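Please read the structure below before turning to the comments.
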Ligand code: ADP
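In this note's numbering, the protein residues as written are 18 to 207.
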């Protein structure tokens, strides 16, 4: 079983590469951002709650996010493995994920960071916002707030996974194919 955490700032390309990895290794892709957006679309109470945070570019509270993630894993226990995209984003989420997986005799196999500079990321997000209609991608101030959330709460997970010898990073700048090739090469070494 292979369980990958895709790590990186908003716009780093996690979702794009997850689609490839999902097919290539037959994994279940869990994107917390997609799950929240789906709940917002269906106007569930979870969606309503998440929206108030997402609209400002803030993280959704940990316990809400953790419960949603765990429910999603539980619904896919027959899977070959998982790609966690956008989760964990805080130390408390990372701890909860380890505890939850170990109860099921599972563990994170590797965390892979996609690295790119803020300027490139802002450009990508504003471009994505035009076609996706995602309001959090259309406003530079919201984007900068998401980067701040990342710097304050998510960046420290580098240390968390480095201590477990599970942290890897690749250059996230280039064509989608180039980045896919870098990922494939790295995964072969795991
Ligand atoms: P991006 O990484 O490009 O910002 P996502 O779709 O992964 O896009 O996330 C969009 C928003 O969903 C985040 O800004 C945050 O409000 C919320 N979100 C997603 N994942 C998490 C998480 N693990 N913890 C808290 N909030 C989250």
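Backbone N, C-alpha and C fix where the C-beta goes; we use that ideal spot for every residue, glycine too.
All values reported here derive from a predicted model rather than from experimental measurement.
Note to self: By alpha-carbon positions, which one of 116, 28, 181, 18 ends up nearest to residue 97?
What the structure shows: Minimum Cα distance to residue 97 is reached at 18.
Note to self: Which complete alpha helix (DSSP H) runs does the segment 72-157 hold, if anything under 4 residues is left out?
What the structure shows: 79-91, 108-120, 135-149
Next item on the list: Identify which residue in 132, 201, 120 has its Cα closest to the Cα of residue 27.
Entry: 132
Checklist line | Three-state secondary structure assigned by DSSP to residue 20 | finding: strand
Item checked: Cβ neighbour criterion (16 or more within 10 Å) applied to residue 154 -> buried
Margin query: the ligand ADP and residue 106: does the residue's C-beta get closer than 7 Å to at least one heavy atom of that ligand?
Written below: The answer is yes for residue 106.
Notebook entry, point to check: When every heavy atom of the ligand ADP is checked, does at least one fall within less than 7 Å of the C-beta of residue 53?
Noted result: yes
Next item on the list: Consider the C-beta atom of residue 163 and the heavy atoms of the ligand ADP; say whether any pair is separated by less than 7 Å.
Entry: yes
Item checked: alpha helix (DSSP H) segment containing residue 204, residue limits -> 193-205
Note to self: Bridge partners for residue 37 per DSSP, in chain order?
What the structure shows: DSSP, once it has assigned bridges, lists no residue as partnering residue 37.
Notebook entry, point to check: When you compare each of 23, 33, 20, 37 to residue 141 by their alpha carbons, which one comes out closest?
Noted result: 33
Notebook entry, point to check: What three-state label does DSSP hand residue 47 in the structure shown?
Noted result: In the structure shown, residue 47 sits in a strand (DSSP, three-state: E or B).
Margin query: Quick check: the Cα distance between residue 89 and residue 59, rounded to an integer number of angstroms?
Written below: 17 Å
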